[in-house]
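Trainee: Residue 253 is where the sequence shown starts when you use this note's numbering, and the numbers rise one by one after that.
Glycine is no exception: its CB is placed at the ideal position from the N, C-alpha and C atoms.
Keep in mind that this is a model prediction, so the values were computed, not measured.
Have a look at the structure that comes next, please.
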Amino acid sequence: MIPENIKKILSNEDKKVATRKAYGERLAELGEKNKNIVALDCDLSKSTMTALFARKFPDRFFNFGIAESNMISAAAGLSTMGKIPFASTFAVFASKRACDQVSISVAYPHLNVKICATHSGVSIGEDGATHQAIIDAAIMRAMPGMVVLSPCDGTETKKVIDRIAEYKGPCYVRLCRVASPVIFNESYNFEIGKGIKIMEGGSATIISAGFTTHIAMQAARKLEEDGIEVDLINMVSIKPIDSKLIIESAKKTGLVITVEDHSVIGGLGGAVCEVLSCNMPTKVVRLGVQDKFGSSGSPSELVSAYGFDAASIIKTVKENIC
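See the structure below:
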């Protein structure tokens, strides 16, 4: 069941937008309003969509070539001079290749750097295991003081970029390659540290973030047709996480299923388990990449193969409800 107050912020448009595209568009728009915003990239601006910013503001765009570590170090330096650097590359490179610089040069001094990484998860498809970031949220979540966000659609992405441009401190935003349905309209408001309950029911709680939220919505609607109503939570803020919302829902339903295009270790599922184990011990089933590397295939094939498609969510709910 969709609560009446949520119906007002849901999109009625049948369209799809890649979150990386929404990011590039909003960054270029913000560049017109705030002259301190600069963009940094690593020879991937056409893919990360920072090319939109570069065309408008060539003097405020910096291409570092295939040198992610240098890009992060430069972003740290620019932030100390009052600039607001948005550093972009593929998520696998931002989280692993530049990990030391993110930790020592950005997180440790708590600098105002925004790392907006695209092509996250196995849903990037045929590029395969080497380019599929499935532990990036875990790495960034472990960084002291780092905000970790995973917007689910184009609207939420633009709201996230607006907010982090104002926020003082390091942020990591997880963006996707493939287009996904637009869930929210412009009335939706985003807050760091808050999730949002999209559907309401008492049988189980489904918590999702990023690309998988539209899949979880498909599953929740099908379950409703079968007489099973669930709480569906879009947890865009993986860190800080909305502990209150998680605890309240778990207390009501007694069963939590997390869904993520990421390893079940250390990401959204891990964060939810940490909250509940300390506050409200509850059965949690984590759907996502199960301690494996990625592989090559179409996005839909991989989502199904790794067990977080709508059919897998429905099966998991039905098998675990009392």
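#1: Grab me the residues of Gly518's own chain with a C-beta within less than 6 Å of its C-beta, minus the 5 sequence neighbours each way, in chain order.
#2: Taking all protein chains shown into account, decide if Arg393 is buried (16 or more other Cβ within 10 angstroms of its Cβ) or exposed.
#3: Within 10 angstroms of the Cβ of Gln384, are there 16 or more other Cβ atoms? Answer buried if so, exposed if not.
#4: Could you check if Gln542 belongs to the surroundings of the ligand GDP, using beta carbon to heavy atom distance under 7 Å?
#5: Pro422: buried (16+ other C-beta within 10 angstroms of its C-beta) or exposed?
#6: Let me know the secondary structure DSSP gives Leu520 once reduced to three states.
#7: Grouping DSSP H, G and I as helix and E and B as strand, with all else coil, what is Arg429?
#8: What residue from Glu553, Glu481, Glu526, Leu497 has the CA that sits closest to Val569's CA?
#9: If you follow the alpha helix (DSSP H) that Thr332 is in, where does it begin and where does it stop?
#10: Which residues bound the beta strand (DSSP E) around Gly540?
#11: Taking Asp483 as the reference, give the member of Ile493, Pro492, Thr465 with the closest Cα.
#12: Opposite Met451 in the DSSP bridges: which residues?
#13: So the alpha helix (DSSP H) Ser299 belongs to, where does it begin and stop?
#14: Buried or exposed: Met333, going by 16 or more other Cβ atoms within 10 Å of its Cβ?
#15: Buried or exposed for Phe545, going by 16 or more other Cβ atoms inside 10 Å?
#16: Grouping DSSP H, G and I as helix and E and B as strand, with all else coil, what is Thr409?
#17: Kindly list the residues whose CB is nearer than 6 Å to the CB of Pro433, restricted to its own chain and excluding five residues on each side of it in sequence; keep chain order.
#18: Could you check if Glu418 is buried or exposed, using at least 16 other CB atoms within 10 Å of its CB as the buried criterion?
Mentor: Looking at the atomic coordinates:
#1: Ala390
#2: buried
#3: buried
#4: Absence of the ligand GDP is noted for the structure shown, with no ligands found whatsoever.
#5: buried
#6: helix
#7: coil
#8: Glu481
#9: 320 to 332
#10: 535 to 541
#11: Thr465
#12: Leu484
#13: 297 to 300
#14: exposed
#15: exposed
#16: helix
#17: Lys268, His466
#18: exposed
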